[in-house]
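Beneath this line is the structure, given in structure tokens, with notes to follow.
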Amino acid sequence: MTPREAVAAIERGMSAYRARLASPTRTPRMAVVLGRLLGVAFLVCFGTGLYSHFLQDPLPWMVFPTRPTQLYQWTQGLHITAGILCFPLLLGKLHVVYPQLFQTPAVRSLPHLLERASIALLVASSLVQIVIGFINTVQWYQLFPFPFRQTHYALSFVVIGSLAVHIGVKLPVILRHWRSRPREETTASGATGRLHRWMDGSPTATRRAFLGTVAAGSAAVVLTTGGQSFAPLQPLNLFAPRDPRIGPQGLPINRTAEDAGVVQLARSAGWTLSIVDGDRRTVLDADALRDLEQVTVDLPIACVEGWSRMATWSGVRVRDLLDLVGAAPDVAVRAVSLETKGAYGVSEIGPEFVRDPLTLVALRLNGEVLDIDHGYPARIISPARPGVLQTKWLSRLEVIA
Ligand code: HEM
Ligand SMILES: Nc1nc2c(c(=O)[nH]1)N[C@H]1C(S)=C(S)[C@@H](COP(=O)(O)O)O[C@H]1N2
Ligand SMILES: [Mo]
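Below, the structure is given as structure tokens:
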């Protein structure tokens, strides 16, 4: 057999296989219907993801809203929920377009090659993206050897970039099938007319059943995991990694004092909080902190991993503490923990949050002295920011020069 004959034989095999895959659910219209939803979910993930990224690593000119206080709880809850929704939508979409993998000739032209390459990149990067995102929310951190945040961030540009190319290339098909069903039934594989019926119903019934399956899958994953972010769904919260109601003082914990290696220091009678602005410094012990004006606020802990929980905190305004050392009105602050190893021991608080009267060094939670796992003797709590920045077991506040 000559190479040319071999190629022809492979192509005949592929077309036969593709013809066998034809089904009423595999139409360009169905690809567009699911693609629209998936596109929205991806864009929501991208937007809320960038918001989360820049809250943690702001560019110098960035200023963030501090109200509503639940803003980050909502954006990150949306991120995880839209992210989870990508699973049934993407599986449905791949089911619909799967026969396209076997199109012949495999490559018709350079633009066709680029189109197929961009789709390969889109499919591969989105699958990795949603799988590592999910793995992160269930805290199997050890499962992959690369840093999650950086990888997920970089991949988000690959996903959205290849999505933009994909939409550009498919624009004619998208426009043709956006609204109306095409009069002529064509399959996504391009095999016109001949409709293959699996299941006994009509093509329309088959399509409805398929969409119903995708919808039921979507409803199931959202309803059973959304409770970690949205209180009304909590009773249905079967699979979400966190039940926000469980934990000391009614609040979950991400890292205990023991894990952080701070139990002794945090319990020590000699604990103090230093407030430092250049050469000026004040050192307060627990009694001195309790003697300052105490403020009570309702603010959520909203973890980057999606769970969140409202709580009542009492303590001293960060701004009042800065006044003790005469700090300028618009400064940013570094909050330093007793925890010295790991990435969570330090956080930076931008001027808009420092200035905010709800930003506290909290000493009490839900009417009791902070539990050691929630950051006793003192922790940061501030509005509209990720939980990871709400530094526990505080030891120092430094004005950033
Ligand atoms: C196309 C889909 C997605 C896109 C474009 C996307 C994008 C992003 C971006 C840009 C960030 C910020 C990363 C950073 O802080 O540097 C982020 C964070 C995050 N994403 Fe996604 N994401 C997607 C899907 C998912 C899914 C499916 C899940 C989980 C079910 C998920 C879970 C997370 C988590 C937990 C974070 C917080 C990371 C951290 O700050 O530690 N993402 N995402
Ligand atoms: N020092 C220190 N502060 C920390 C952490 C930590 O590991 N170490 N975890 C952060 C994360 S990821 C979250 S979500 C919140 C959780 O607060 P909680 O444990 O009191 O609910 O604390 C934040 N503050
Ligand atoms: Mo967190």
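Residue numbers for the sequence shown follow my numbering, beginning at 591 and rising by one.
Virtual Cβ for every residue (Gly too), placed ideally from N, Cα, C.
Query	Result
Would you list the residues sitting across from Leu874 in a DSSP beta bridge?	Leu863
Near Thr872, which residues of its chain fall below 6 Å by C-beta distance, leaving aside the five closest residues on each side in sequence?	Ile865, Leu914 and Val915
Please determine, among Gly905, Gly629, Leu681 and Leu955, the residue with the shortest C-alpha to C-alpha distance to Gly807.	Leu681
What did DSSP end up calling Glu595 once you bin it into helix, strand or coil?	helix
Going by the CB atoms, is the gap between Gly816 and Thr638 shorter than 8 Å?	no
In whole angstroms, what separates the C-alpha of Leu801 from that of Pro737?	37 Å
For Ala933, which of Glu958, Leu879, Pro890 and Lys982 has the nearest alpha-carbon?	Lys982
Using 8 Å as the Cβ pair cut-off and three pairs as the minimum, do the stretch 940–951 and the stretch 900–910 touch?	yes
Quick check on DSSP: helix, strand or coil for Ser715?	helix
Just how far apart, CA to CA, sit Gln839 and Val622?	48 Å
I'd like to know whether the C-beta atoms of Ile990 and Ala925 end up nearer to each other than 8 Å.	no
Does the stretch 744–758 come into contact with the stretch 693–703, if we say contact requires no fewer than three beta-carbon pairs (one atom in each stretch) closer than 8 Å?	no
What is the chain-ordered set of residues for which the beta carbon lies under 6 Å from any non-hydrogen atom of ligand 2?	Leu841, Pro842, Ile843, Asn844, Arg845, Ala850, Ile891, Cys893, Ser927, Glu929, Tyr934, Gly935, His964, Gly965, Gly977, Val978, Gln980, Thr981, Lys982 and Trp983
Given a cut-off of 8 Å, decide if Pro689 and Leu624 are closer than it, judged by their beta-carbon atoms.	no
For Trp903, report the span of its beta strand (DSSP E) as first-last.	Ser898 to Arg907
In terms of residues, what are the limits of the alpha helix (DSSP H) holding Ile766?	Checking the sequence shown, residue 766 turns out to be Arg, not Ile. Residues Phe738 to His767.
Among His742, His756, Leu711 and Asp867, which has the Cα closest to the Cα of Ile725?	His742
If you draw a straight line from the alpha carbon of His669 to that of Glu595, how long is it in whole angstroms?	51 Å
Closer than 7 Å to a non-hydrogen atom of ligand 1 - does that hold for the CB of Phe632?	yes
Going by the C-beta, is Glu942 closer than 7 Å to any heavy atom of ligand 3?	no
Just reading off the beta strand (DSSP E) that Leu882 is part of, what are its end residues?	It is not in any beta strand (DSSP E) - Leu882 carries neither H nor E in the DSSP assignment.
Does the stretch 958–970 touch the stretch 842–855, meaning 3 or more C-beta pairs lie closer than 8 Å?	yes
Can you tell me whether DSSP reads Pro890 as helix, strand or coil?	strand
Any idea what DSSP makes of Val623, helix, strand or coil?	helix
Return the Cβ separation of Leu879 and Leu863 in integer angstroms, given the expectation that the two are a contact with Cβ distance under 8 Å.	6 Å
For Cys676, which residues in the same chain have their Cβ closer than 8 Å to its Cβ, ignoring the five residues on either side in sequence?	Leu628, Ala631, Phe632, Cys635, Ser716 and Ile720
Put Ala612 into one of helix, strand or coil per three-state DSSP.	coil
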